[in-house]
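J.: Read in order, the letters of the sequence shown correspond to residues 19 to 158 in the numbering used here.
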Amino acid sequence: MTIKEIQKEIIDEFSMFDDWMQRYEYMIELGKSLPLIEEQYKTDDNLIKGCQSKVWVHAELDGDKLVFTADSDAIITKGIIAILVRAFSNQKPQDIIDADVEFIDEIGLKEHLSPTRANGLVSMIKQLKLYAVAYQTQLK
19 MTIKEIQKEI
29 IDEFSMFDDW
39 MQRYEYMIEL
49 GKSLPLIEEQ
59 YKTDDNLIKG
69 CQSKVWVHAE
79 LDGDKLVFTA
89 DSDAIITKGI
99 IAILVRAFSN
109 QKPQDIIDAD
119 VEFIDEIGLK
129 EHLSPTRANG
139 LVSMIKQLKL
149 YAVAYQTQLK
């Protein structure tokens, strides 16, 4: 699936819920299915700066695709990173770099987060894209 197709799927899933309590519960469920980062990668180097909670993200190339694993010490934040990992993992670095993140606004996520969590969301997206840039240069 392309990034756009995955994002559309996420938008469709979130539109099934009537209110934000249900969406938060769904995010928590998504966090439980997150491909967890191995303990050896839970280092300060893999911590996302700008997040109030601790969020670790690890990336590695599998062929020409970037695979992300992550974890967080907070359940909502774990759900947020799970959504991003789902959208961007197993994709080519250039596709991640070129991808827009409007689906975040379409599901209403940013407007329903506290300012510190919204900043953390931006930091998570930025970090995933930085990984993509770093790995794209290795592919050339």
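Beta carbons: idealized from backbone N, C-alpha and C, even for Gly. Being a predicted model, the structure only gives us computed values, none of them experimental.
#1: At the level of alpha carbons, what is the spacing between D37 and P111?
#2: Between A117 and K22, what straight-line distance do the alpha-carbon atoms span, to the nearest angstrom?
#3: Who pairs with D89 in a beta bridge, going by DSSP?
#4: Express the C-alpha separation of Q70 and Q154 in angstroms, rounding to a whole number.
#5: What's the call for S107, buried or exposed, on a 16-neighbour Cβ count within 10 Å?
#6: For F2, which residues in the same chain have their Cβ closer than 6 Å to its Cβ, ignoring the five residues on either side in sequence?
#7: If you drop the 5 nearest sequence neighbours on each side, which residues of the same chain put their C-beta closer than 7 Å to that of L83?
#8: For the ligand HEM, any of its heavy atoms closer than 6 Å to the Cβ of S51?
#9: Am I right that I101 and L48 are in contact with their C-beta atoms under 8 Å? What's the rounded C-beta distance?
#10: Can you tell me where the alpha helix (DSSP H) holding G68 begins and where it ends?
T.: This is what the structure gives:
#1: 34 Å
#2: 8 Å
#3: W74
#4: 29 Å
#5: buried
#6: The question about residue 2 has no answer here: the residues shown for the chain are numbered 19 through 158.
#7: In the sequence on display, residue 83 carries Lys and not Leu. Excluding residues within five positions, the ones whose Cβ falls inside 7 Å are N108, Q109, K110.
#8: Within the structure as shown, the ligand HEM is missing, as the structure has no ligands at all.
#9: 6 Å
#10: It is not in any alpha helix (DSSP H) - G68 carries neither H nor E in the DSSP assignment.
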